[in-house]
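A.B. asks: No gaps in the numbering here: position 143 of the sequence shown is 151 in the working numbering, and each next residue is one more. From the three backbone atoms N, C-alpha and C, an ideal C-beta is built for every residue, glycine too. Right, I'll just put the structure down here and ask away after.
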Amino acid sequence: MAESKLKRPIKDVVLCIPVSFSRIQLTRIERACSIAGLHVLRLMPEPAAVALQYAQQQQHMLRDKTGRVGKRIALVFNMGAGFCDVAVADIDGGVTEIKALSGSEIGGEDLLENMMRHLLPSFDKLDIKSMGILRVAIQEAIHKLSLEESVQIDVDLGNGSRLCKEVKREEFEEVNKYIFCESEILIVECMQNGDVNVKDLTDVIVVGGCSCIPKIRNLVENLCEREIYKGMNPLTAAVYGTALEGALTSGIDDPLGDVDLLTSQVTTLGIGIRANRFEFVPVIPQNTTMPVHKEMIFTTFKDNQTEALIVVYEGEPELEDENHLLGYFKITGIPPALEGVPEINVGMDINASNELSVLARVMIPGSRQPVVPVMELKMPTVDDGHSCCNEVLDRAYGPTLDSMIVRRKNHSI
Numbered sequence: 009m010a011e012s013k014l015k016r017p018i019k020d021v022v023l024c025i026p027v028s029f030s031r032i033q034l035t036r037i038e039r040a041c042s043i044a045g046l047h048v049l050r051l052m053p054e055p056a057a058v059a060l061q062y063a064q065q066q067q068h069m070l071r072d073k074t075g076r077v078g079k080r081i082a083l084v085f086n087m088g089a090g091f092c093d094v095a096v097a098d099i100d101g102g103v104t105e106i107k108a109l110s111g112s113e114i115g116g117e118d119l120l121e122n123m124m125r126h127l128l129p130s131f132d133k134l135d136i137k138s139m140g141i142l143r144v145a146i147q148e149a150i151h152k153l154s155l156e157e158s159v160q161i162d163v164d165l166g167n168g169s170r171l172c173k174e175v176k177r178e179e180f181e182e183v184n185k186y187i188f189c190e191s192e193i194l195i196v197e198c199m200q201n202g203d204v205n206v207k208d209l210t211d212v213i214v215v216g217g218c219s220c221i222p223k224i225r226n227l228v229e230n231l232c233e234r235e236i237y238k239g240m241n242p243l244t245a246a247v248y249g250t251a252l253e254g255a256l257t258s259g260i261d262d263p264l265g266d267v268d269l270l271t272s273q274v275t276t277l278g279i280g281i282r283a284n285r286f287e288f289v290p291v292i293p294q295n296t297t298m299p300v301h302k303e304m305i306f307t308t309f310k311d312n313q314t315e316a317l318i319v320v321y322e323g324e325p326e327l328e329d330e331n332h333l334l335g336y337f338k339i340t341g342i343p344p345a346l347e348g349v350p351e352i353n354v355g356m357d358i359n360a361s362n363e364l365s366v367l368a369r370v371m372i373p374g375s376r377q378p379v380v381p382v383m384e385l386k387m388p389t390v391d392d393g394h395s396c397c398n399e400v401l402d403r404a405y406g407p408t409l410d411s412m413i414v415r416r417k418n419h420s421i
């Protein structure tokens, strides 16, 4: 469709992604694009794309006498069908810095399914045709509830079944109170992680397919103590921002200054390794500005230990098995020494394209060079981030999984 519209072949793409996507999912997206003959220039979180469009608008509207846009801080709330994302963006001149991101796999599909189950508890026993009819009817009712206090649902489901019921807006909100509560938590979490309070916010932007739901708009306005920004189309903002990023990444020169912008992204999830028994120890914390290089020093946990297994995860929970497994590799040839003497330096590097490399080197106090060859791998190296690869890992390396403990605090380079 895009090639037909542009009347030329497309080889390079910038894609918009939910904040909660793991590196495993991002790798699969890039692989699918490669199969389709497309080269991925950038994978951009949806709220970051919206923030980029906002930054461009400010360049047009708020230039002072020096030609410089004043500093602004915006909170972006984006809820679509399957995801809810929040971002805090600091816009200073043409530079957009994403200070924090938070996201969850909640969205309009959850609102719809909750209402289907509420109005017809046995809906999952319907045949495909009847379920489709019910789905369309309730979806239309939810849309109408954004404008009306109550709606009448009257739909023939076939096989002698019929659903006839009046639904009020407050009933819809009560049925989905958990979803709305989760949305509030994401906003609070994002502002805390970005070290921003409501008084710092210049604008609050609400976009996505659920942006017209009154409860969503009210909770965002109440939490942020601001009226919602009205300067962009909530259904096309992410697409427009992604197109802007494509222009920036492609190096397009615009004499009018419409693409005189710079974006700074952050990690959506923490990245670390398994250590201290079953713990997930972050080396690169969540919401770290990219590109970044960080290191942490670990050590052996028993005397005369000659090998160690580096197991890399992505996530936030303290227990490693609740996070996404990205890959693993073994260091061998560690010189025999007392427990805690060898220094196992694990470094992680994320470049501007969000590519992750993990390296490890072993040092002995007094030596200037690594005592075993430095190992470096690009991650992820596994195709599944959950149970399947974890089970294989346990079977292959079970006794040596817990082979490292933290030596001292990490430091940035």
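Does the distance from the C-beta atom of V159 to that of L165 stay below 8 Å?
C.D. replies: no
A.B. asks: My output table needs one value for R282: the three-state DSSP class, helix, strand or coil.
C.D. replies: strand
A.B. asks: For P325, tell me which candidate among I279, L317 and P344 has the shortest Cα-Cα distance.
C.D. replies: I279
A.B. asks: Let me make sure I understand the geometry here. Which of V349, M356, L334 and I37 has the alpha-carbon closest to that of G374?
C.D. replies: V349
A.B. asks: So within the region 187 to 239, which uninterrupted beta strand (DSSP E) runs reach at least 3 residues, ignoring any that extend past its ends?
C.D. replies: 211 to 215
A.B. asks: Go ahead and label I260 buried or exposed: buried means 16 or more other beta carbons lie within 10 angstroms of its beta carbon, across all protein chains shown.
C.D. replies: Exposed is the call here.
A.B. asks: Around the Cβ of V215, are there at least 16 other Cβ atoms within 10 angstroms (buried) or fewer (exposed)?
C.D. replies: Per the 10 Å Cβ criterion, buried.
A.B. asks: Looking at the structure shown, is P55 part of a helix, part of a strand, or coil, going by DSSP?
C.D. replies: Per DSSP, reduced to three states, the secondary structure at P55 is helical.
A.B. asks: Taking buried to mean at least 16 other C-beta atoms within 10 Å of its own C-beta, is Q64 buried or exposed?
C.D. replies: Burial check for Q64: the Cβ neighbour count within 10 Å reaches 16 or more, so the residue is buried.
A.B. asks: Can you find at least 3 beta carbon pairs, one from the region 126 to 137 and one from the region 28 to 43, that sit closer than 8 Å?
C.D. replies: Fewer than three pairs of CB atoms, one per stretch, sit closer than 8 Å, so the region 126 to 137 makes no contact with the region 28 to 43.
A.B. asks: Can you check which of these residues, K310, D391 and A345, is closest to L334 by C-alpha distance?
C.D. replies: From the listed residues K310, D391 and A345, the smallest Cα separation to L334 is found for D391.
A.B. asks: Where do the N-terminal and C-terminal ends of the beta strand (DSSP E) with K107 fall, by residue?
C.D. replies: V103 to S112
A.B. asks: Just the Cα atoms here: how many angstroms apart are L14 and E148?
C.D. replies: 34 Å
A.B. asks: Kindly confirm or deny that the region 279 to 299 and the region 94 to 114 touch, where touching means at least three C-beta pairs closer than 8 Å.
C.D. replies: yes
A.B. asks: Could you check how far apart the C-beta atoms of I339 and V380 are, in whole angstroms? I think they sit under 8 Å.
C.D. replies: 6 Å
A.B. asks: In three-state DSSP terms, what is E351?
C.D. replies: The DSSP-derived three-state label of E351 is strand.
A.B. asks: In terms of alpha-carbon separation, which member of E322, Y62 and P242 lies closest to L277?
C.D. replies: E322
A.B. asks: Taking 6 Å as the limit between beta carbons, can you name the residues of its chain near S420, skipping five residues before and five after?
C.D. replies: Residue confidence is low: S420 scores 43 on pLDDT, short of 50, so the model does not pin down where it sits. No coordinate-derived value is stated.
A.B. asks: Between the C-alpha atoms of E233 and K207, what's the straight-line distance to the nearest angstrom?
C.D. replies: 8 Å
A.B. asks: Could you name the residues of the same chain whose beta carbon sits closer than 6 Å to that of K386, not counting the 5 residues immediately before and after it, in chain order?
C.D. replies: S365
A.B. asks: Distance, Cα to Cα, E328 vs F286?
C.D. replies: The alpha-carbon atoms of E328 and F286 are separated by roughly 6 Å.
A.B. asks: Quick one: what does DSSP say S28 is sitting in, helix, strand or coil?
C.D. replies: coil
A.B. asks: For E38, name the three-state secondary structure that DSSP assigns.
C.D. replies: helix
A.B. asks: Look up L119 in the DSSP assignment and say whether it is helix, strand or coil.
C.D. replies: helix
A.B. asks: Look at the alpha carbon of I318 and the alpha carbon of S112, and state the distance between them as a whole number of angstroms.
C.D. replies: If you take the alpha carbons of I318 and S112, they lie about 28 Å apart.
A.B. asks: What residue ranges within the region 315 to 351 form continuous beta strand (DSSP E) runs of no fewer than 3 residues, ordered along the chain?
C.D. replies: Qualifying beta strand (DSSP E) stretches, in chain order: 315 to 323 and 332 to 340.
A.B. asks: Quick check on K173: does DSSP put it in helix, strand or coil?
C.D. replies: strand
A.B. asks: Three or more C-beta pairs under 8 Å: does that hold for the region 11 to 29 against the region 224 to 239?
C.D. replies: no
A.B. asks: Evaluate H462 with the Cβ neighbour count: other Cβ atoms within 10 Å of its Cβ, from every protein chain shown; 16 or more gives buried, anything less gives exposed.
C.D. replies: For residue 462 there is no data in the structure shown, the boundaries of the chain being 9 and 421.
A.B. asks: In the DSSP output, what is V48 paired with across the bridge?
C.D. replies: V21
A.B. asks: Helix, strand or coil for S130? Go by DSSP, reduced to three states.
C.D. replies: coil
A.B. asks: So is E384 buried or exposed if we call it buried at 16+ other beta carbons inside 10 Å?
C.D. replies: exposed
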